[in-house]
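One structure is given below, encoded as structure tokens.
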Amino acid sequence: GGYRLSREASEIAVADVVTAIDEKVDATRCGGLANCQDDEPCLTHELWTDLSERIYDFLSGITLADLVNRREVQEVAQRQHGISVNEIDGKSVVV
Numbered sequence: 270g271g272y273r274l275s276r277e278a279s280e281i282a283v284a285d286v287v288t289a290i291d292e293k294v295d296a297t298r299c300g301g302l303a304n305c306q307d308d309e310p311c312l313t314h315e316l317w318t319d320l321s322e323r324i325y326d327f328l329s330g331i332t333l334a335d336l337v338n339r340r341e342v343q344e345v346a347q348r349q350h351g352i353s354v355n356e357i358d359g360k361s362v363v364v
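Numbering (my numbering) for the sequence shown: 270 to 364.
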């Protein structure tokens with residue numbers, strides 16, 4: 270099993286994957302629409318918006334190669350699938 274990547278795993282950020290599957294990193298309750306309270310931003314809207322941006326920035330700094338090389342990721346993959354996930358060969362990530 271695994272995936273064939275269009276770019277090197279070291280060139281693909283986790284944030285790229287989140288964006289590619291049409292997910293949003295959004296900690297607000299309003300989905301970023303700023304209509305939290307009576308169609309207006311709530312008191313803490315900007316706080317949650319800032320947090321969302323920081324999470325996205327954090328995920329932008331982690332590549333797929335970084336992720337699969339994490340010890341805890343390898344341990345879970347070994348336990349669940351009996352394989353090693355650190356087998357990155359060019360554009361293939363074996364999971």
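For each residue, glycine too, the CB sits at the ideal point set by N, CA and C.
Judging by CA-CA distance, which residue of the options is the nearest neighbour of residue i?
{"i": "Y325", "options": "E292, A284, L333, E315", "result": "A284"}
{"i": "G301", "options": "V337, A289, E315", "result": "E315"}
{"i": "L328", "options": "E292, R273, S275, R340", "result": "E292"}
{"i": "G330", "options": "R273, R340, V287, C299", "result": "V287"}
Determine, using beta carbons only, whether residue i comes closer than 8 Å to chain C.
{"i": "T318", "result": "The chain inventory of the structure shown lacks chain C, comprising one protein chain alone."}
In chain order, what residues of the same chain have a beta carbon less than 6 Å from the beta carbon of residue i, not counting five sequence neighbours either side?
{"i": "S321", "result": "V294, D295, A296"}
Between residue i and the rest of its own chain, which residues show a CB-CB distance below 7 Å, the 5 nearest in sequence each way excluded?
{"i": "T313", "result": "none"}
{"i": "E309", "result": "none"}
From what residue to what residue does the alpha helix (DSSP H) around residue i run?
{"i": "D285", "result": "283-289"}
Sorted by chain position, which residues of the same chain lie with C-beta nearer than 8 Å to residue i's C-beta, five sequence neighbours on each side aside?
{"i": "E305", "result": "Before going on, a small fix: residue 305 reads as Cys here, not Glu. Same-chain partners within the cutoff: T297, R298, C299, C311, H314."}
Using 10 angstroms around the beta-carbon of residue i, count the other beta-carbons present and answer buried if the total reaches 16, otherwise exposed.
{"i": "V345", "result": "exposed"}
{"i": "R348", "result": "exposed"}
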